[in-house]
Amino acid sequence: MALPFVVTLRGYDMGQVESLFAEVDGALAADSAVLRAAARDALRATTLRRRIRGYAPRDVDAAIAQRLAALALPGTRSQPARPVATTPLPFVVALRGYDMRQVESLFAEVDGALAADSTVLRAAARDALRAATLRRRLRGYEVQQVDAAIDERLRAL
């Protein structure tokens, strides 16, 4: 299966990305809440390997955020997954901060739940926020800003 990502130097492992997206796209097409939850967990838990030649990380990260948002929203079998318009997060990038991809995925899910107006999705998003253990990276989002935004989202949920 060829995905519509640009192939670059030092990109994500193409085989790993393709198998991950096959699982997630299958769950999006299915009408099973269990498959959707498993796909959502797989997206959150995955750590993509880098290879000398692989898919462009920005493209893959954006597609992961879109699929997480689509998995957070209720869907039907007849509707294809629609891309969710994401706004850039207003966090400062610091020398030692939270993993940007992980933060963006978490906030995409939470914002999707807030927009869906479903108590079940809000409860799941609240649980995800409380259970989130954000990794720190050499270059990432500023810790205090992200923590304050998480507290704000928890109050909104």
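Each residue of the sequence shown is one higher than the one before, counting from -16 in the numbering used here. Even for Gly, the Cβ is constructed at its ideal location relative to N, Cα and C.
Return helix, strand or coil for residue i, following the three-state DSSP convention.
| i | result |
| --- | --- |
| V43 | helix |
| T29 | coil |
| L137 | helix |
| V(-10) | strand |
| V76 | strand |
Assign residue i to one of two classes, buried (16 or more other C-beta atoms within 10 Å of its C-beta) or exposed (fewer than that).
| i | result |
| --- | --- |
| G(-6) | buried |
| A20 | exposed |
| I216 | Residue 216 cannot be examined here, being either before or after the span of the chain that is shown, -16 to 140. |
| E92 | buried |
| V0 | buried |
| D94 | buried |
| L104 | buried |
For residue i, which residues in the same chain have their Cβ closer than 7 Å to its Cβ, ignoring the five residues on either side in sequence?
| i | result |
| --- | --- |
| F(-12) | Y38, A39, D42 and V43 |
Excluding the five sequence neighbours on either side, which residues of its own chain have a C-beta within less than 8 Å of the C-beta of residue i, listed in chain order?
| i | result |
| --- | --- |
| L26 | L3, V7, I47, R50, L51, L54 and S88 |
| L78 | L121 and R122 |
*Could you tell me whether the region 21 to 37 touches the region 71 to 82, using the rule of 3 or more Cβ pairs below 8 Å?*
no
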